[in-house]
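Some notes on the structure that comes next.
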Amino acid sequence: MILRALIVSLLAVGTIAAPPAMSADEPIQPIEAHKPKNENMVELGKMLFFDPRLSKSGFISCNSCHNLSMGGSDNLPTSIGHKWHQGPISAPTVLNSSLNLAQFWDGRAKDLKDQAGGPIANPGEMGFSHALAVDVLRSIPEYRARFKQAFGSDQIDIGKVTDAIAAFEETLVTPDSRFDKWLKGDKTALTQTELEGYKLFKESGCASCHNGPAVGGASYQKMGVHEPYKTASKVEGRFSVTGKDADRFMFKVPTLRNVELTYPYFHDGAAPTLEDAVNTMGRLQLGRKFTKDENAKIVAFLKTLTGKQPEFKLPVLPPSTNETPRPKPFE
Ligand code: HEC
Ligand code: HEC
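Positions -23 to -1, 1 to 308 (mature numbering (1 follows the signal peptide of the UniProt record, and there is no 0)) are the ones given, in order, by the sequence shown.
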C-alpha cells in the first residue's frame, strides 16, 4: 500500500513513467495450455469420453451432452438422457472444467474424477451401472491393452475409468482467446467496443463473481441477490449438498470462457441469448438496468472469451467382441 502510494505520488510529479498494464492487475488471468503427464491415459480417456457403450442404450456418450464440436455442451435448456429422459438441469461445458473449485452446479463432486462416475450410473443420463461398464471394457482386448499402457496393468476398474476420463478432461482448456492475447500485451487484439464492454463488466461489478482464469468457477454465489430469480425449476443449488438454508439458490458461478458457444444460459437453461443473460445478471445480481448499447458492449466483450477449441483426431473405437454385453436401448 505504502509502495503504491509512493508510486502514485512519483507519477503525479512525473518522475517515473507509468508501469505497463499487467494482467496481474486484472480480475481475469489468461488460460495456459495443459501439458499432460501421461499421454496414454489421455488417449484412453478420450476414447472413453466418446464411447457410447458406457451407456445402457449403447447410444449415449459423454460427448452426447458435452459435445466438443459445440463448446462442450449440448445447447439444450436441459439435457436428454436414457430413453429420452428430460433432465432437471442444464449441462455445463466440460471446457476448462478442471479450473472449477468443484464440479456440478451445486459442487457435489469434489473434482473431475469424482464427477466422471456419476453420469454412467445415473438412470436419467447413461442409465448403466459401473459393473456393466467395466464388463464392456474388459470384453474388448484393445481396451485391456490400452489400460495396461496407461496404468501398467490390464485390470480394469471404475477408478481407472474415471482417472482416464479426468486426465482427458484436463486437456480440454481453451487458451489464446482474443481477450487473453490482450491480457498478454497485444493491445490490438480487442476493438474499442469490446474494451468498453470489459470496462463495464469490471465497473458494474460482474467481476466480483466472474473472475480468475475461468472468469467464474471459483465460488458459490446466490442467484438473485437484488431480486429473486423466477423459475419453474425445482433445483435448489448448494442447499441440496449442505442442507443449510443460507445455501438455497447458491450455485457455482459458471465460467464465462466460451460463453458465446454454450447457450442457453443459467442452471435451468431459461435465458436463450447472451443479451438476455446479461440483462438478467445486471438486474438480479447488481440491481442495474443496462441500456441496449451497454448490453451490446458487454456481450461483445464476452465473445472475446472464446478460446482455441480442443483439436484432435476423432478416436476410432475398438469393436465389441462376442463377449461384450449388448446394448438395451429401449429398456
Ligand atoms: C445425458 C446428458 C449427460 C451425459 C451423458 C453426461 N453429462 Fe456431464 N453433465 C450433464 C449435466 C446435466 C450436468 C450438470 C448436472 C448438475 O450440475 O447437477 C453435467 C455436469 C458435468 C460436469 C461438471 C461441469 C461443471 O462445470 O460443474 C462434468 C465435468 C461432466 N458433466 C462430465 C461428464 C462426463 C465425463 C460424462 C461421461 C462419463 C458426462 N458428463 C456425461 C449432462 C450429461
Ligand atoms: C453475485 C455474483 C454475480 C454477479 C455480480 C454476476 N454474476 Fe453472472 N452468474 C452468477 C451465478 C451464480 C450464475 C449462475 C446462475 C444460475 O444459473 O442460476 C451466473 C451466470 C451468468 C451467466 C450465464 C452463464 C451460463 O453458462 O449459464 C452469464 C452470461 C453471466 N452470469 C454474466 C454476468 C455478467 C455480464 C454480470 C455483470 C452484469 C454478472 N454475470 C454478474 C453470479 C454472478
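Even glycine gets a Cβ: it sits at the ideal position worked out from N, Cα and C.
Every value quoted in this text rests on a predicted model; they were computed, and no experiment measured them.
Alpha-carbon spacing of Leu251 relative to Glu147, whole angstroms: Taking the first residue of the sequence shown as position 1, residue 251 is located at position 274. Taking the first residue of the sequence shown as position 1, residue 147 is located at position 170. Cα-Cα distance, rounded: 27 Å.
Ile275 Cβ short of 7 Å to ligand 2 heavy atom set: Against the sequence shown, residue 275 aligns to sequence position 298. Answer for Ile275: yes, Cβ within range of ligand 2.
Cα-Cα separation, Trp159 to Thr281: On the sequence shown, residue 159 is found 182 positions in, with the first residue counted as 1. On the sequence shown, residue 281 is found 304 positions in, with the first residue counted as 1. Each residue's Cα considered, the two are about 10 Å apart.
Lys158, enclosing beta strand (DSSP E) - first and last residue: On the sequence shown, position 181 is the one that residue 158 refers to. Premise fails: Lys158 lies in the alpha helix (DSSP H), Arg155 to Leu160, not in any beta strand (DSSP E).
Residue from Leu149, Thr208, Phe26 and Arg215 whose Cα sits closest to the Cα of Pro96: Within the sequence shown, numbered from 1, the residue matching residue 96 stands at position 119. The candidate whose alpha carbon is nearest that of Pro96 is Phe26.
Secondary structure of Tyr206, DSSP reduced to three states: As a first step, residue 206 is located in the sequence shown; it is residue number 229 there, counting from the start. Looking at Tyr206 - three-state DSSP - the assignment turns out to be coil, as it is neither helix nor strand.
Under the three-state DSSP convention, the category Ala(-3) falls into: Residue numbering aside, residue -3 sits at position 21 when the sequence shown is read from its first letter. Here Ala(-3) scores only 49 on pLDDT, less than 50, and its place in the model should not be relied on; the value that follows carries that caveat. Of the three classes helix, strand and coil, the one that applies to Ala(-3) here is coil, per DSSP.
Assigned exposure category for Ser67 - 16 Cβ within 10 Å defines buried: In the sequence shown, counting from the first residue as 1, residue 67 sits at position 90. The residue in question, Ser67, is buried, as its Cβ has 16 or more Cβ neighbours within 10 Å.
Residues sharing a beta bridge with residue 331, DSSP: No statement about residue 331 is possible, as the shown extent of the chain runs from -23 to 308 and does not include it.
Opening and closing residue of the beta strand (DSSP E) in which Lys229 lies: One-based indexing of the sequence shown puts residue 229 at position 252. First-last of the beta strand (DSSP E) with Lys229: Met227 to Lys229.
Inter-residue spacing [alpha-carbon to alpha-carbon] between Tyr175 and Leu114: Translated into positions along the sequence shown, residue 175 becomes position 198. Translated into positions along the sequence shown, residue 114 becomes position 137. Cα to Cα, Tyr175 sits roughly 48 Å from Leu114.
Cβ separation of Thr70 and Asn235, assumed to be a contact under 8 Å, to the nearest whole Å: The residue labelled residue 70 in the question sits at position 93 within the sequence shown. The residue labelled residue 235 in the question sits at position 258 within the sequence shown. Going by Cβ atoms, the distance from Thr70 to Asn235 rounds to 6 Å, so yes, they are a contact pair.
Spatial neighbours of Asp153 in its chain, beta-carbon cut-off 7 Å, leaving aside the 5 residues before and after: Numbered from its first residue, the sequence shown carries residue 153 at position 176. Non-local beta-carbon contacts of Asp153 in its own chain, meaning distances under 7 Å to residues more than five positions away in sequence, involve Gly284 and Lys285 in chain order.
Terminal residues of the beta strand (DSSP E) in which Tyr197 lies: Your numbering for residue 197 matches position 220 in the sequence shown. Tyr197 to Lys199 is the extent of the beta strand (DSSP E) around Tyr197.
Any non-hydrogen atom of ligand 2 within 7 Å of Gly189 CB: In the sequence shown, counting from the first residue as 1, residue 189 sits at position 212. No, ligand 2 has no heavy atom inside 7 Å of this Cβ.
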